[in-house]
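Working notes for the structure below.
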Amino acid sequence: MLRSCVARPHFGLRVSRQQSIKRLFSMRWSEWQGFKWHYRQSQLQVRRKCRVHLVRHSQELISQTEVEIDAGSLSIYPLQEQDERGTAILLTRAFSHTKDGRGFREIRQYVHEMLKSPPDGVMLVARLTPTDLSEIQLGKTSLVVGLAALSFNSATREQMPTLQPPDKAAYLSNIAVEPRYRRKGIASALLKVCEQVTQDALLNRLYLHARVADVGAQTFYRNAGYLEEGRDGSLNAMWHRISPRVLLCKALPVID
Numbered sequence: 011m012l013r014s015c016v017a018r019p020h021f022g023l024r025v026s027r028q029q030s031i032k033r034l035f036s037m038r039w040s041e042w043q044g045f046k047w048h049y050r051q052s053q054l055q056v057r058r059k060c061r062v063h064l065v066r067h068s069q070e071l072i073s074q075t076e077v078e079i080d081a082g083s084l085s086i087y088p089l090q091e092q093d094e095r096g097t098a099i100l101l102t103r104a105f106s107h108t109k110d111g112r113g114f115r116e117i118r119q120y121v122h123e124m125l126k127s128p129p130d131g132v133m134l135v136a137r138l139t140p141t142d143l144s145e146i147q148l149g150k151t152s153l154v155v156g157l158a159a160l161s162f163n164s165a166t167r168e169q170m171p172t173l174q175p176p177d178k179a180a181y182l183s184n185i186a187v188e189p190r191y192r193r194k195g196i197a198s199a200l201l202k203v204c205e206q207v208t209q210d211a212l213l214n215r216l217y218l219h220a221r222v223a224d225v226g227a228q229t230f231y232r233n234a235g236y237l238e239e240g241r242d243g244s245l246n247a248m249w250h251r252i253s254p255r256v257l258l259c260k261a262l263p264v265i266d
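Here is the structure:
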C-alpha cells in the first residue's frame with residue numbers, strides 16, 4: 011500500500027512534465043508558424059515591388075538606351091508587337107546551323123510569348139538606324155539587328171537536360187546579331203543592357219550557355235567577365251542529343 015501511494019505522485023509528476031513540454035513545444039511551433047507567415051508576406055511585398063520596378067524600367071528603357079556605333083544609331087528596348095516578325099527571322103537565321111535550331115513558326119510563337127513575359131522576363135531588341143539608308147529596304151528607316159532574352163526564374167525558360175542554372179537566377183539566352191552587322195559593338199551593347207536590367211531586378215548573378223564549339227562566343231563572354239561553372243561531356247551531350255555547352259556566370263555589383 012505504501013508503494014502505491016509513493017508511486018502515484020511520481021507518475022502524476024511525469025504526466026505534468028510531459029504536458030508542460032507539449033504546451034511549450036506547441037507554443038513555440040505556433041510562434042514559428044507566425045514568423046514564417048510574416049516572413050512570406052514580406053518576401054511577397056519585396057517581389058511585388060521588384061516586379062513593378064522592372065515593368066517601369068522596361069517601359070522607360072526605350073528612351074534611355076541609345077548607342078552610337080560606326081554603322082549608325084542603335085536603340086535597345088523591350089520587344090514590341092511590330093518587332094515580332096523581324097525578331098523571329100533574325101532568331102531563325104542565327105540558330106539554323108545548330109542542333110538547337112527551330113522552324114520559323116515555332117520561333118515566331120516563342121517570340122509572341124515573350125511579349126507576355128514581363129516582369130518574369132524580357133526580350134530586348136536592338137534596332138539600328140543606319141547612316142547609309144541604302145542598306146535597308148526602300149521606305150524603311152531602321153531594322154532589327156540584334157536581340158537577347160532575359161529570364162528571371164525557371165517559369166520563363168525551358169527545362170534543360172544538363173547544366174541547369176539556379177531557378178531564381180537571371181539567365182541570358184538567344185543573344186543574336188544579324189551576320190552583316192557583327193563585330194560592330196551590338197552584342198556588347200546588348201550584354202551591358204542585360205546586366206543593367208538584371209541589377210535593377212535586384213539579382214546579382216547572370217548565367218548563360220555557350221556552345222563548346224563556338225570558341226569566339228566563349229572568348230567574348232570571358233572578356234566581359236564571365237567565368238565557367240560547368241561543361242558538358244561529349245558522352246553526356248550525345249546521350250541528351252544536344253550540342254556540348256559551357257555554363258558561364260558573372261557576379262554583378264549589388265545596387266543599393
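11 is the number of the first residue of the sequence shown in my numbering; add one for each residue after it. Note that beta-carbon positions come from the ideal geometry of N, C-alpha and C, so glycine has one too.
Cβ separation of residue i and residue j, assumed to be a contact under 8 Å, to the nearest whole Å
i	j	result
A136	L157	7 Å
P171	I252	7 Å
A211	F162	6 Å
C204	L237	Not a contact, Cβ separation roughly 17 Å.
A180	R221	A180 to R221, Cβ: 20 Å. No contact.
L173	H219	7 Å
Residue closest to residue i, alpha-carbon to alpha-carbon, out of the options
i	options	result
R115	L143, R95, E91	R95
E239	N214, Y120, R192, P175	P175
I99	V121, L201, L173, Q228	V121
S127	L148, S144, A165	A165
E78	R103, S198, D177	S198
V154	R215, G113, Y87, P129	Y87
S85	A104, M248, S152	S152
D93	H250, S83, L138	L138
Where residue i sits in the DSSP three-state scheme
i	result
K260	strand
N233	helix
G156	strand
L173	coil
V222	coil
N246	helix
G113	coil
Beta-bridge partners of residue i, as assigned by DSSP
i	result
V215	What sits at residue 215 in the sequence shown is Arg, not Val. DSSP lists A261 as partners of R215.
R241	V256
S85	E76, R137
R192	None, per the DSSP bridge assignment.
G149	Paired residue(s): none; G149 is not in a bridge.
L201	Beta-bridge pairing links L201 to no other residue.
L182	L160, L218
Environment of residue i [buried if 16+ CB atoms lie within 10 Å]
i	result
G131	buried
M124	buried
I196	buried
8 Å Cβ cutoff, residue i in contact with chain B
i	result
C259	No chain B appears in this structure, which consists of one protein chain only.
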